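Chains as they are written, first to last, in the working numbering: chain D, 7 to 550; chain A, 174 to 423.
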Amino acid sequence: MVREVLGRDLAVRLVMCVARVRGLAPAARVVVFVAIVVGVVVGVCGGAFAQGEVAGERPTIVTGSKQFAESQILGELAALAAERSGYGARHRAALGGTAVVWSALVSGEVDIYADYSGTLLFETFADEGFDSLEQLREHLAERYAIGVTAPIGFNNSYGLAMRESRADELELRRISDLVGHPELVLSLNPEASGRADVWPGVFETYSLPVNDPEVPLSTPAQLEHEIGYQALASGEVDLIVVYTTDAKIISQDLRVLDDDRAHFPVYDAVFLYRLDLRARAPEVVAAIEGYAGTIDESLITRHNAMVEIDGRTPRAAAAVLESAVLGGEAVEVREPTRGERIAQRTVEHLYLTGVAVVIAIVVAVPLGVVAAKVPTSGPPILGIAGICYTIPSLALLALMIPLSGYGLGLGTRSAIVALVLYALLPIIRGAQLGFIEIDPAIRRSARAIGLSFGARLVRVELPLAARSIMGGIKTATVITIGYATLGAFIDAGGYGVPILTGLRRLDNGLILEGAIPAAVMALLAHALFAGVERVVVPRALREG
Amino acid sequence: MLELHGIRRSYPGVAVVGPIDLRVDAGETVALIGPSGCGKSTLLRVAIGLDTPERGHVVFDGGVVSSRAWRGIRRRTGYVIQEGGLFPHLSARENVSLPARHHGMSAGAIEARIGELGELVRLDPAMLDRPPARLSGGQRQRVALMRALVLDPALLLLDEPLGALDPLIRYELQGELKRIFAALKKAVLIVTHDLAEAEYFADRVVLLRDGSIAQQGPPEDLLERPADEFVRTFVRAQRGHQRGEGDDGA
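Here you go:
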């Protein structure tokens, strides 16, 4: 892709600059500096060009998914269905939670994604008080023009799981069998302990003891979901709350006790899609409807394990799942190597950070100058930048999604807008301070020798403020490299993608795959600025 | 050359300057003197448009200066302040050439002019490539004077040009300045708080007190014919305590 090539070229230039700038003559340094600026600008234009290109030719169906493997596999499955029907397909993977992906569907950023009947009935639309999927389907069609397919077949609800061997030993098959085993130790994950219908609801349904200090089973421990699995494997706990299609149920050889009194709510997987797809791409709607009742718990769990345990991509797992359901050969999916993944993320991350910082500089330096020169403008300018800086970053990203009508919504552009808003404050502050700190006698001299406003700015004030301005830019860049990892929540790519996946799976390897390059990039940025400082800060001011 | 007419400038809650009339003729050196806070530097800033008076106007070379004309006036005026006001990010040479380049002098002409002025102010040429931070106080003032003179101005405004120097350097530079003024024959308005310095340089001394003129005239007038008690006290204070003063019968 054009954008990738340009991005890589840009990266090479930046690295070269860092490596060489020490030994260069001043004139050559200026050339290198200009090359960086040009590289960034070309990168920006190239990126914008490449984004425009994707849309052409045949209509593209956009599928979405939440962060966990199962959702991403279903997102890929829908994308494969679109491709099979002759459409272009794009999967905006791992968006930040139900609220984000739902609003992306409503705003048209996404055409299809998979969700669960329980999530929609008891969480997203809990206020409506629906008690059947049918009521929900009518409501969504009328109110949002969103369609809901028939259940895909598996129910990803809560369950109580224990090691298969231990369950055999104690002859436990159903939750009601727990009555005879008060000595067992139970662990709840934070979500389960926050929901009364799970705890203590399930124990009440099965007439099990609750909160009796004498009875271990009645006083559950609280462990984070993934840690609960580790504790179960090591034997520290006997019983944990699981989601019934968790990959670890297979990989750790666990038994989910049968919910024989049907206590837990049903979380049937369904596809949600925009009803206008019926006109735009009827074959795709038919294809996803065609999955009704075809994928059961054990089938989806095996494919979840492919991603979560074996480390394959959701697309590869979806291809295997598709051939298991529809028959025929699985679509061949090439898995990128770790090196390729890091290279791809690096290009994305550099692009996000580089474009955001350049725009922020162009906007913020003049604002800082105005804030310093027109004293009454300082408080409002810094106040507004301060507000941008303190909005929680995830909230800022989420606020971009409904703005898809204004060119924002999901993706790189929104992430850049959010990053620019964050980067403004340190740069404005640096520029303002740099100007305020100039000795009034120096300013007077500059006027007294007859320099025009522009000449005073360019020849005297900017060079004297350069160090402070560069300080602000440096801070902003390092902050931006960190914040850019959150771009993964809205499909902007970057190092946040492996970090978020790793966090969810408690996979330190994946977290480091994003965190280490991000740290290295921050260090390189520091080195780069040391070089840029040599170019833009006058020599006489560098010694002090 | 320079006339200030009815200049009045007040600062909220502080002193009021004026109304004051003051003139400096071509070839004449005038010293503005007075206790600190009497309005000397304010008058100098008004004279080059860095401060806008509430009342009064400035006449430069026979014409009343409008607010738009200041850049033209500044081109024809050299201005030196106590610490020189040199730009810390530029070398001595760049400091001197900046106004010349800005006003369109050619690179060759600038080089020649710098050579000339360097000789006039007796600056070691090796110092030209140093930034101000690596020059001594005296060298900085010599460079500041070069910058003020580079466009060959008709008027020189000097605000305590030697105020921050130690006594030996100051003594040496006083001699140099006197020589330079004599060589250039320009209109010079110099602010100082030192009567001896004023006496040494000036054809005419203007003594300010609380924003108005207490007495003006040739230096001898102030010494020999003080207009009032303030002038007498000021002159005596400037002379300082002398051995034997106050002894009975001395």
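Note that beta-carbon positions come from the ideal geometry of N, C-alpha and C, so glycine has one too.
Please read these numbers as outputs of a predicted model, since none were measured by experiment.
So, is the C-beta of Leu470 of chain D closer than 8 Å to a C-beta in chain A? By the rule that beta-carbons nearer than 8 Å mark a contact, Leu470 of chain D touches chain A.
Measuring CA to CA, which of A:Asp297, A:Phe354, A:Ser309 and A:Gln411 is closest to Glu201 of chain A? Closest by alpha carbon: A:Phe354.
Can you give the Cα-Cα distance for Trp205 of chain D and Pro215 of chain D, rounded to whole angstroms? C-alpha of Trp205 of chain D to C-alpha of Pro215 of chain D: approximately 12 Å in a straight line.
Would Cys51 of chain D pass as an interface residue toward chain A - the criterion being a Cβ-Cβ separation below 8 Å? Legend: pLDDT at Cys51 of chain D = 49, less than 50; position of this residue unreliable, no value from coordinates given.
Within 10 angstroms of its Cβ, does Gln228 of chain D collect 16 or more other Cβ (buried), or is it exposed? Exposed.
Near Gln73 of chain D, what residues of its chain come up, given a Cβ to Cβ distance below 8 Å and the 5 sequence neighbours on each side ignored? Within the same chain, Gln73 of chain D has close Cβ partners Ala100, Leu101, Gly102, Gly103, Leu506, Thr507 and Arg510.
Any beta carbon from chain A within less than 8 Å of Arg540 of chain D's own beta carbon? Arg540 of chain D does not count as touching chain A.
One question on the structure: do Pro504 of chain D and Arg351 of chain D come within less than 8 Å of each other, judged by their Cβ atoms? Yes, Cβ-Cβ distance for Pro504 of chain D and Arg351 of chain D is below 8 Å.
Any Cβ of chain D within less than 8 Å of the Cβ of Phe271 of chain A? The amino acid occupying residue 271 of chain A in the given sequence is Leu; Phe does not appear at that position. Leu271 of chain A counts as touching chain D.
CB contact check: Ala31 of chain D to chain A, cutoff 8 Å: Because Ala31 of chain D sits at a pLDDT of 43, beneath the cut-off of 50, its placement in the model cannot be relied upon, and the following sentence gives the value as read from the coordinates. No, Ala31 of chain D lies away from the interface with chain A (no Cβ there is under 8 Å from its Cβ).
Can you give me the Cβ contacts of Asp421 of chain A inside the same chain, cut-off strictly under 8 Å, excluding the 5 residues immediately before and after it? The predicted position of Asp421 of chain A is uncertain, since its pLDDT is 48 and thus under 50; a value taken from the coordinates is nonetheless stated next. Annotation for Asp421 of chain A: no residue places its beta carbon closer than 8 Å to its own, counting only its chain and skipping 5 residues before and after.
Between Pro185 of chain A and chain D, is the shortest Cβ-Cβ distance under 8 Å, so that the two count as touching? Using a Cβ-Cβ cut-off of 8 Å, Pro185 of chain A does not count as an interface residue toward chain D, since no Cβ of chain D sits closer than that to its own.
Enumerate in chain order the residues of its own chain whose CB-to-CB distance from Glu89 of chain D is below 6 Å, with the five nearest sequence positions on each side excluded. Here the set comprises Ala95.
Inter-residue Cα distance where the pair is Leu324 of chain A and Leu430 of chain D: Between Leu324 of chain A and Leu430 of chain D, the alpha-carbon positions lie close to 42 Å from each other.
Across which residues does DSSP place Ser385 of chain A in a beta bridge pair? Beta-bridge partners of Ser385 of chain A (DSSP): A:Arg382.
Under a Cβ-count criterion, where at least 16 other Cβ atoms within 10 Å of its own Cβ denotes burial, should His231 of chain D be classed as buried or exposed? Under this definition His231 of chain D is a buried residue.
Are the C-beta atoms of Ala437 of chain D and some chain A residue less than 8 Å apart? Chain A contact via Cβ: absent.
Straight-line CA distance for Asn310 of chain D to Met527 of chain D? Their Cα atoms are separated by approximately 33 Å.
Proximity winner among D:Val185, D:Leu470, D:Pro188 and D:Ile455, relative to Gly440 of chain D (alpha-carbon distances): Checking every option, the nearest Cα to that of Gly440 of chain D belongs to D:Leu470.
Cut-off 8 Å between Cβ atoms - residues of its own chain near Leu283 of chain D, not counting five sequence neighbours on either side: Ile67, Asp117, Ile118, Gly153, Val290 and Val291.
State the DSSP-derived secondary structure class of Arg249 of chain A, mapped to helix, strand or coil. When DSSP states are grouped into helix, strand and coil, Arg249 of chain A belongs to the coil group.
Can a CB atom of chain A be found closer than 8 Å to the CB of Gly460 of chain D? So no, Gly460 of chain D is outside the interface.
Do the CB positions of Gly258 of chain A and Ala317 of chain A come within less than 8 Å of each other? It is a contact, given that the beta carbons lie within the stated cut-off.
Measure the CB-CB distance between Ala546 of chain D and Ala306 of chain A and report whether it falls below 8 Å. Result yes, Cβ atoms of Ala546 of chain D and Ala306 of chain A sit closer than 8 Å.
Does Ile254 of chain A come out as helix, strand or coil in the three-state DSSP assignment? Three-state result, Ile254 of chain A: coil.
When the distance is taken between beta carbons, is Pro261 of chain A closer than 8 Å to Leu304 of chain A? Checking the sequence shown, residue 304 of chain A turns out to be Pro, not Leu. Result yes, Cβ atoms of Pro304 of chain A and Pro261 of chain A sit closer than 8 Å.
Would you mind stating whether Arg222 of chain D and Glu189 of chain D have Cβ atoms separated by less than 8 Å? First, the amino acid is wrong: residue 222 of chain D is Pro here, not Arg. Glu189 of chain D is positioned such that its CB atom lies closer than 8 Å to that of Pro222 of chain D.
Spell out a yes or no on whether the segment 155–169 of chain D and the segment 259–276 of chain D are touching, meaning 3 or more CB-CB pairs, one atom from each, closer than 8 Å. By the criterion of at least three beta-carbon pairs nearer than 8 Å, the segment 155–169 of chain D is in contact with the segment 259–276 of chain D.
Residue-chain proximity (Leu457 of chain D, chain A), Cβ-Cβ < 8 Å: Leu457 of chain D counts as touching chain A.
Closest residue to Tyr249 of chain D among D:Ala167, D:Pro372, D:Arg347 and D:Leu518 (Cα-Cα distance): Of D:Ala167, D:Pro372, D:Arg347 and D:Leu518, the residue nearest in Cα terms is D:Ala167.
Counting beta carbon pairs with one atom in the segment 310–328 of chain D and one in the segment 466–480 of chain D, are three or more of them shorter than 8 Å? No contact exists between the segment 466–480 of chain D and the segment 310–328 of chain D.
Here's the rule I'm using: 16 or more other beta-carbon atoms within 10 Å means buried, otherwise exposed. How should His551 of chain D be labelled? Outside the shown range of chain D (7 to 550) lies residue 551 of chain D, about which nothing can therefore be said.
Proximity to Arg465 of chain D [Cα-Cα], best of A:Leu271, A:Lys358 and A:Gly291: Per the Cα distances, A:Leu271.
At a Cβ cut of 7 Å, what residues of the segment 441–454 of chain D count as close to chain A, listed as they run along the chain? Answer in chain order: Ala447, Ile448, Arg450, Ser451, Arg453 and Ala454.
Which residues in the same chain as His187 of chain D place their Cβ atom closer than 8 Å to its Cβ, once the five residues preceding and following it in sequence are excluded? Contacts found: Leu176, Leu178 and Leu223.
Rounded C-beta distance between Thr406 of chain A and Ile206 of chain A? I'm assuming under 8 Å. Actually they are not in contact, since the Cβ atoms of Thr406 of chain A and Ile206 of chain A sit about 14 Å apart, beyond 8 Å.
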